[in-house]
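Residue numbers (the numbering used here), protein chains in the order written: chain A, 1 to 187; chain B, 1 to 187.
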């Protein structure tokens, strides 16, 4: 029998996970609902955009409010955020870090489980190896969610892949938590 | 005659500026009130701390709520945040970036003027040269705010120095804004 996912927050269709690919110009998001590891549907998928011509604090404030609105609308059981690394472009890395800080803070304030996954953890979980390219990630997301076309733009696909990565890990985390509770109740 | 500072938000003692030296383990803050470029007093000065043993999202959520509380309590006219750069320690730089993102977003949402200054702009403004060390910054902050002892820890002194840097720039910004309005009303 396949492991079934229950929503901590009473969502009838199972576990709801918000995946976020943090960014300032384009911040990908995906709200997925998982009944089991194979029965997964997309409730919402897209990109939050802020205008490159606005001042940085205003753009971050806009992103703050849009992420808060997603949390209010979908009350996800868990939020999975792509873990940021320092890339060649230092300017971009800083704004990605600022965006991820806002996403992580809001998710924790909302009481959701919060997890971060590196790009290679995500690619491993969804495509079977850490070196998968954008096309492969998009096609795997399409198959896993039963979409008629690959999700666009890549930021939205990446956010869906991060959420799928969290769903793939969820049974192991449930087992770990159960084992932990057993150990604690045995003390 | 010395230029007098008026508070946009009706603070009777003049312009109120919140300075922030962003960080996750220690986030320095200083709330200064300036009647003029030389009559400046500290309303509050200290450090927000989050526990290194807590999970990153929980720490960022805690910082989010503490900064929001400072904004509610003091309704600053302006918020000045130290601009983050990539240092040798990549781990620290990332968490400093995440903390600064939260500070900038909350300040902009609050409707305050928001400015960022680099460490060398700050040192130039307060100590006269960009290479000043921590001791010199602390002593200059002590003198400028008429404190009996140098402010401790250095994070709080840095936050005060960032706010002082903003106050030093305020007359020029007021002139710029006035010139801009004049140009616009002439069109």
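Heads up, the beta-carbon is just placed ideally off N, CA and C, and yes, glycines get one too.
Under 8 Å Cβ-Cβ, which residues of chain A neighbour residue 203 of chain B?
-> Any question about residue 203 of chain B goes unanswered here, given that chain B covers just 1 to 187.
Taking the alpha carbon of residue 51 of chain A as the point to measure from, which residue in A/31, A/155, A/140, A/24 has its own alpha carbon closest?
-> A/24
Along the chain, which unbroken stretches of the alpha helix (DSSP H) at least 4 residues long are found entirely within the stretch 135-179 of chain B?
-> none
Rank A/35, A/18, A/92, A/38 by C-alpha distance to the C-alpha of residue 194 of chain A and give the top, closest one.
-> The requested residue 194 of chain A does not occur in the structure, where chain A is confined to residues 1 to 187.
How long is the line joining the alpha carbons of residue 114 of chain B and residue 148 of chain A, rounded to whole angstroms?
-> Within the model, the alpha-carbon separation for residue 114 of chain B versus residue 148 of chain A is close to 45 Å.
Kindly indicate which three-state DSSP category residue 33 of chain A falls into: helix, strand or coil?
-> strand
Checking contacts by CB at 8 Å: is residue 49 of chain B closer than that to chain A?
-> no
What is the DSSP secondary structure of residue 79 of chain B, counted as helix, strand or coil?
-> strand
Using a C-beta to C-beta distance shorter than 7 Å, which residues of chain B count as neighbours of residue 58 of chain A?
-> By Cβ distance, chain B contributes 108.
By the criterion of Cβ-Cβ separation under 7 Å, what are the contact partners of residue 100 of chain B in chain A?
-> Residues of chain A passing the Cβ test: 98.
Can you give the Cα-Cα distance for residue 110 of chain A and residue 165 of chain A, rounded to whole angstroms?
-> 21 Å
Check distances from the C-beta atoms of the stretch 5-35 of chain A to those of chain B and list, in chain order, the residues that come in under 8 Å.
-> none
DSSP three-state assignment for residue 42 of chain B, whether helix, strand or coil = strand
Three-state secondary structure (DSSP) of residue 99 of chain B | Helix at residue 99 of chain B.
Counting contacts by CB-CB distance shorter than 8 Å, is residue 104 of chain B in contact with chain A?
-> yes
Taking the continuous beta strand (DSSP E) assigned at residue 21 of chain B, which residues delimit it?
-> 15-21
Contact check, residue 20 of chain B vs residue 81 of chain B, beta carbons under 8 Å = The Cβ-Cβ distance between residue 20 of chain B and residue 81 of chain B falls below 8 Å.
So, is the C-beta of residue 94 of chain A closer than 8 Å to a C-beta in chain B?
-> yes
Using DSSP with H/G/I as helix, E/B as strand and the rest coil, what is residue 68 of chain B?
-> helix
Residue 112 of chain A burial status per 10 Å Cβ neighbour count (16 or more: buried) | buried
Where residue 98 of chain A falls, given that 16 or more other Cβ within 10 Å makes a residue buried = The residue in question, residue 98 of chain A, is buried, as its Cβ has 16 or more Cβ neighbours within 10 Å.
How would you write the range of the alpha helix (DSSP H) that residue 127 of chain B sits in, first residue to last?
-> 119-127
Ordered along the chain, which non-local residues of its own chain (more than five positions away) have a Cβ less than 7 Å from that of residue 138 of chain B?
-> 150, 151, 154, 157
Cβ of residue 61 of chain B within 8 Å of any chain A Cβ = yes
Distance between residue 159 of chain B and residue 26 of chain A (C-alpha atoms, nearest Å) = Near 31 Å, if we compare the C-alpha coordinates of residue 159 of chain B and residue 26 of chain A.
Look at the alpha carbon of residue 54 of chain B and the alpha carbon of residue 12 of chain B, and state the distance between them as a whole number of angstroms.
-> 40 Å
Could you give the DSSP three-state label for residue 56 of chain B: helix, strand or coil?
-> helix
On the three-state DSSP scale, how would you describe residue 109 of chain A?
-> In this structure, residue 109 of chain A counts as helix in the three-state DSSP scheme.
Check the C-beta distance from residue 15 of chain B over to residue 126 of chain B and give it rounded, since I have them as a contact under 8 Å.
-> Their Cβ separation, rounded to whole angstroms, is 17 Å, which puts residue 15 of chain B and residue 126 of chain B out of contact at 8 Å.
Helix, strand or coil for residue 104 of chain A, going by three-state DSSP, please let me know.
-> helix
What's the C-alpha gap between residue 162 of chain B and residue 6 of chain A?
-> 49 Å
Name the one or two DSSP bridge partners that residue 49 of chain B has.
-> B/26
Chain B contact for residue 149 of chain A (CB, 8 Å cutoff) = No, no contact with chain B.
What's the gap between the Cα of residue 43 of chain A and the Cα of residue 121 of chain A?
-> Rounded to whole angstroms, residue 43 of chain A to residue 121 of chain A spans 23 Å at the Cα level.
Straight-line gap, residue 49 of chain B to residue 100 of chain A (C-alpha atoms, nearest Å) = 20 Å
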